[in-house]
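Heads up, the thing below is written out as structure tokens.
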Amino acid sequence: SAENNRHWEECMEFAVQTARRAGQVIREAVKLDKCVTTKSSAVDLVTETDQQVEELIISTLRDRYPSHRFIGEESSAAGERCFLTDSPTWIIDPIDGTCNFVHSFPMVAVSIGFAVKKELEFGVIYHCFEETLYTARKGHGAFCNGLRLQVSKEKDVSKALILTEIGAKRDPETLKIFLGNMEKLLKAHAHGIRVIGSATLALCQVATGAADAYYQFGLHCWDIAAAAVIIREAGGVVMDTSGGPLDLMSRRVIAAGTPEMADYIVQQLHSISYERDDHDTDCISTSC
Ligand code: IPD
Ligand code: CA
Ligand code: CA
Ligand code: CA
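Under full-length UniProt numbering, the residues of the sequence shown are numbered 3 to 290, in order.
This is the structure:
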């Protein structure tokens, strides 16, 4: 309805303000000593700033929209599961590119997605160091600092720049598949493959047309939610690496400027399996 439309527009404006505030905190924190700890593996890093920024974002949004639901990377780590319900839900990655942040490698973003009735309504991604803002609202186009975005029209992998990411799982089997996938695309004469350390900013490069495709296994709903709207509104495709529709909780994604590019890569990829984001761990331990 027109009323909902206005409401989501207002929510997006507030998300933009909140992302900018969070970005400022991150820009300040990157200059200071960092307290780094690990989560699922020795290369799955987290800092106090990740937690602090998530708290800032969620408390700011919750104050304004007390009836909404929130899924955030750092609160999910503390045991909250990420089921998407029909309620308006904010899906937040406070720092995407924590490893980059730790090394002061300047590819770090704040990502805020918003879904209603399980449909993504808008996405806001703020590149903290470049101070570039990517935004899109369903049906209203995608923008970078106010300029309209358009994906690449490339269909041919031999003319493509492709982005991917390796997650924090580094066992021999995972590495073998990861490298095997890259090898296939290189043998198909892709112009290049890039790993920039931020899934959301990699996805934004597909939205701007700077990259022709991106795929990853092992990422989370907060890495995809905002970017998926931005790519779609820039005219691109975002789907499951099996070629089916995107499933936010499936831990995998492929995005491209054209369906032909996405389909070609889908054919090449060997998948790496990960436990779903909405996996109900409580249910298993209590065998309900
Ligand atoms: C990670 C980054 C990384 C990707 C990982 C993500 P984080 O997010 O986007 O590039 O490879 O899968 O988990 O932990 O820095 O928010
Ligand atoms: Ca993380
Ligand atoms: Ca992330
Ligand atoms: Ca993060």
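Yeah, the Cβ is synthetic: ideal placement off N, Cα and C, and Gly gets one too.
In chain order, C130 place their CB closer than 6 Å to the CB of R29, counting only its own chain and leaving out the 5 sequence neighbours on each side. P108 carries a coil assignment under DSSP once its states are collapsed to helix, strand and coil.
Annotated as proximal: T20 and I114, with beta-carbon spacing under 8 Å. In the DSSP annotation of this structure, the continuous segment of the alpha helix (DSSP H) that includes R22 starts and ends at 4-31. If only complete runs of 4 or more residues are kept, the segment 232-276 shows the alpha helix (DSSP H) at 261-270, in order along the chain. Residue pairing for E57: DSSP places it in no beta bridge. Take C206, set aside five residues on each side of it, and the residues of its chain with a beta-carbon closer than 7 Å to its own are I127, Y136, A229, I232, in chain order.
Of the candidates K155, H191, E277, A138, the residue whose Cα lies closest to the Cα of G148 is A138. Taking C-beta atoms as the reference points, A31 and T62 fail to come closer than 8 Å. Beta-bridge partners assigned by DSSP to H129: A111, T134. Using a 10 angstroms sphere on the CB of R172, the tally of other CB atoms stays under 16, which defines it as exposed.
Counted as a single uninterrupted DSSP element, the beta strand (DSSP E) harbouring F145 occupies residues 144-146.
A direct Cα-Cα distance of roughly 6 Å separates V118 from T91. Under DSSP, I93 shares a beta bridge with I73, G115. If you draw a straight line from the Cα of F124 to the Cα of T202, it is about 14 Å long. For T202, there is no enclosing beta strand (DSSP E); the residue is found in the alpha helix (DSSP H) stretching over 201-210. Separation of S42 and G99 (C-alpha to C-alpha, rounded to the nearest whole angstrom) is 16 Å. Apart from the 5 residues on each side of it in sequence, G211 sits with its Cβ closer than 7 Å to the Cβ of Q152, V153, S154, G259 in its chain, given in chain order. Take the alpha-carbon of F116 and the one of Q26: they are about 22 Å apart. By the CB criterion at 8 Å, I97 and W224 fall outside the cutoff.
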